[in-house]
Amino acid sequence: MSKKFLVVGNPIEHSLSPKLHNYWIKKNNIKASYEKKLLEKEELKKIILEIREEKIHGINVTVPFKKKIIPFLDVLTDEANKSQSVNTIYKIKDKIIGDNTDIEGFKIALETTRQIINNKTALIIGAGGVVPSIIIALKKLQIKKIFITNRTEAKAVEMKKFFPELEIVEWRKMIDFDIIINATSIGLNEKDEIKIDYEKISRNKFFYDVIYNPEETNFLKKAKNFGGQVENGKTMFIHQAQKAFFIWHGILPEIDTETLNFLRL
Ligand code: ATR
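What the sequence shown shows, in my numbering, is residues 10 to 274, in sequence order.
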């Protein structure tokens, strides 16, 4: 019997998960299919029921449901619980398990850039669903200090309740940092811009954008122009997918140049 997997979110059009998972499924001769599905909040319960009934065998969850899905699950893994964020779901025995592979995905992504994180300072822009995973990964890599800034400051304050060591920076105020991470959705549209003084802050700093489609947001383009080192969210995306694939199929698929080229748009 062919197994069925899905990525659910809203919007979902930009997701490259089906492309990557189906590529690995084929490469490893697995009997399965992976599709994307646009979901409304009201449909979360139903989709979990379909996993219970084994009509679906696993799902990836993306914005804006990573937290909202939690009440419908039976068990959270330690990483999912710590981050209150779930991106990978599966059933073991009679239990629906919520897992988080974003933390490992982001951690490995940073490790492969060979940027030194240990003892550095980071500024995170945004306070949405992916941010707890980023914070936990940065802490595992022994970051010295994390600053956070968000348009809606109340959400940064909420985040600080969870991670008291965070320091909140006023929106549009700039501070000195080693690493800056865009964790907002600004950049999903090519014209979007994060208004900071790139000329002043970019040189020798590391810019990470969680966005991977488009490949180069204005945030990365401008930072690069002014001497910054840049990395887009593709590495995090691929590594979280690799972990999810392993959880579902018990096979760690290869991330080689062929895979990377295949993903290029
Ligand atoms: P959610 O809020 O459901 O977790 P998300 O996509 O994970 O959604 O997060 C969106 C992030 O992008 C938020 O930090 C959001 O800022 P607000 O909390 O102020 O909404 C940020 N964001 C999106 N569009 C933005 C914009 N035009 N300007 C500034 N921040 C923006």
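Backbone N, C-alpha and C define an ideal beta-carbon position, used for all residues, glycine too.
Presumed contact (8 Å Cβ cut-off) between L48 and I56, rounded CB distance | That pair is a contact at about 7 Å.
Excluding sequence positions up to five away, which residues of its chain have a Cβ less than 6 Å from the Cβ of N128?
-> The residues are K153.
At which residue ranges does the segment 53-120 contain complete alpha helix (DSSP H) runs of 4 or more residues, listed in the order of the chain?
-> Correct list: 53-61 and 87-92.
CA-to-CA distance, K148 to N90, given in whole angstroms | Across the structure, N90 and K148 are spaced so that their CA atoms are roughly 16 Å apart.
Is DSSP giving S42 helix, strand or coil here?
-> Looking at S42 - three-state DSSP - the assignment turns out to be strand.
Can you find a heavy atom of the ligand ATR that lies under 6 Å from the Cβ of A136?
-> Remark: the shortest separation between the CB of A136 and any heavy atom of the ligand ATR falls under 6 Å.
Count the CB pairs spanning the segment 131-141 and the segment 182-195 that are closer than 8 Å, and state whether there are at least three.
-> Because the criterion of three Cβ pairs below 8 Å is met, the segment 131-141 and the segment 182-195 touch.
Would you check if the distance between the CB atom of P262 and the CB atom of F271 is smaller than 7 Å?
-> In this structure, P262 lies away from F271, with their beta-carbon atoms at least 7 Å apart.
Any chance the CB of R160 is under 6 Å from a heavy atom of the ligand ADP?
-> Only the ligand ATR can be found as ligands here, which leaves the ligand ADP out of the picture.
Kindly list the residues whose CB is nearer than 6 Å to the CB of N31, restricted to its own chain and excluding five residues on each side of it in sequence; keep chain order.
-> Hits under 6 Å: Y43.
For V72, verify whether its CB is less than 6 Å away from any heavy atom of the ligand ATR.
-> Flag set: Cβ of V72 near the ligand ATR.
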